[in-house]
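**Student:** So the sequence shown is numbered by my numbering: it starts at 3 and just counts up by one.
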Amino acid sequence: MDVRSNRREAGGSSVVTANRLLDGRIVWLAGDGAWSGRIDAAHVFSNDGIEAVIDATARRQQADGVVGVYGVQVRDDSTTPVPVTVRERIRAFGPTVHPEFATLTEVPPDVR
3 MDVRSNRREA GGSSVVTANR LLDGRIVWLA GDGAWSGRID AAHVFSNDGI
53 EAVIDATARR QQADGVVGVY GVQVRDDSTT PVPVTVRERI RAFGPTVHPE
103 FATLTEVPPD VR
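#1: Under a Cβ-count criterion, where at least 16 other Cβ atoms within 10 Å of its own Cβ denotes burial, should THR19 be classed as buried or exposed?
#2: Determine the direct distance from the alpha carbon of PRO97 to that of LEU106, and round the result to whole angstroms.
#3: For ALA94, which residues of its own chain have a beta-carbon under 6 angstroms away from its beta-carbon, when the five flanking residues on both sides are left out?
#4: Excluding five sequence neighbours on each side, which residues of the same chain lie with their C-beta closer than 7 angstroms to the C-beta of SER48?
#5: To the nearest angstrom, how far is it from the Cα of GLU11 to the Cα of ALA54?
#6: Between ILE56 and the rest of its own chain, which residues show a CB-CB distance below 7 angstroms, the 5 nearest in sequence each way excluded?
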């Protein structure tokens, strides 16, 4: 069992993620079996079969040039996969200081 994601709901969906060995970048398993740096390219799997996908993917991770393969539960109400947990949203979309997440709407004059 994938111990990194014990919050997986029976009727939900997940994507598979890992880190690229070459540079440590976060990558997502696409539908064609290739690894992508973008979560919107990730293939969404049913949680009913995700353990088998993770197992098969983990067995070939060294050949694929990745390490640390595991599943990430995603929301079912979005067209782009959006992870359920904050940790995985940060991995997918960047740090919480990313402009999309910032509450500051105008740069103060003394900062310019």
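Where is the CB? At the ideal position from N, CA and C, for every residue including glycine. Keep in mind that this is a model prediction, so the values were computed, not measured.
**Tutor:** Short version:
#1: As a working mapping, residue 19 is identified with position 17 in the sequence shown. Per the 10 Å Cβ criterion, buried.
#2: Start at 1 with the first residue of the sequence shown, and residue 106 comes out as number 104. Start at 1 with the first residue of the sequence shown, and residue 97 comes out as number 95. With a pLDDT of only 49 at LEU106, under the threshold of 50, the placement of this residue in the model should not be trusted; the figure read from the coordinates follows. Distance between the alpha carbons of LEU106 and PRO97 is about 15 angstroms.
#3: The residue given as residue 94 occupies position 92 in the sequence shown. These residues qualify, in order along the chain: ILE41, PRO85.
#4: Taking the sequence shown and counting its residues from 1, one reaches residue 48 at position 46. Spatial neighbours of SER48 in its own chain (CB-CB distance under 7 angstroms, excluding positions within 5 residues in sequence) are listed in chain order as SER15.
#5: What you label residue 11 is simply residue 9 of the sequence shown in a count that begins at 1. What you label residue 54 is simply residue 52 of the sequence shown in a count that begins at 1. So the alpha carbons of these two residues sit roughly 16 angstroms apart.
#6: Taking the first residue of the sequence shown as 1, we reach residue 56 at position 54. Excluding residues within five positions, the ones whose Cβ falls inside 7 angstroms are ASP4, VAL18, VAL71, TYR72, GLY73.
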